[in-house]
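For the sequence shown, our numbering assigns the number 1 to the initial residue and increments by one for each residue that follows.
One structure is given below, encoded as structure tokens.
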Amino acid sequence: MSELIHTCYRILDPDASVAFYEKLGFEVLWRMPIRDEATNIFMGLPGDGPRLELTHNHDVSEPYEIGTGYGHIAITVDDLDGTLARLADLGIEPERPPYTVREGGSRLCFVRDPDDYRIELIEANPGDG
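Okay, here's the thing in structure tokens:
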């Protein structure tokens, strides 16, 4: 095995999900229809990092249950306060104000996407490793 290439979220409303992730800086890379059953939308941040696969199953009309085992994905930002101000202007608010994990450590907060998946926004401290 050599690299992590994507993670997949099952989504209810592709337009809302794509719009949300575009506000975070993602762009649609490609769409892949799966017969008449589903559409996979691959999104990514600039660069060659892992991708986000959004799967819309056409016959699902109720929100997915995320369950107790799922945590979050994390995205680094250069300026957490600036990022949160920009996102607030776009209608995205954090679950709670940013906090520092430990003294001198990275600052972070969480936002939720339209399907209630958590996304950690982290302003990394180079000393955290």
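Backbone N, C-alpha and C fix where the C-beta goes; we use that ideal spot for every residue, glycine too.
Inset, instruction - Along the alpha helix (DSSP H) that carries residue 87, what are the first and last residues, could you check? - result: 80-89
Inset, instruction - Just the C-alpha distance for residue 72 and residue 113, rounded to the nearest angstrom, thanks. - result: 11 Å
Legend entry - Cβ shell of residue 161 (< 7 Å), same chain only, five flanking positions each side left out: This structure does not reach residue 161, given that the chain is present from 1 up to 129, and the question cannot be answered.
Inset, instruction - Just the C-alpha distance for residue 105 and residue 111, rounded to the nearest angstrom, thanks. - result: Taking the straight line from one Cα to the other gives about 20 Å.
Legend entry - Helix, strand or coil at residue 18 [DSSP, three-state]: helix
Legend entry - Buried/exposed call for residue 56, threshold 16 Cβ in 10 Å: buried
Inset, instruction - Compute the Euclidean distance between the alpha carbons of residue 35 and residue 63, then round it to the nearest angstrom. - result: 22 Å
Legend entry - Sequence ranges, beta strand (DSSP E) only - wholly within the region 24-74, length at least 3: With a minimum length of 3 residues, the unbroken runs of beta strand (DSSP E) contained wholly in the region 24-74 fall at 27-34, 38-44 and 51-57.
Inset, instruction - Let me know the secondary structure DSSP gives residue 111 once reduced to three states. - result: strand
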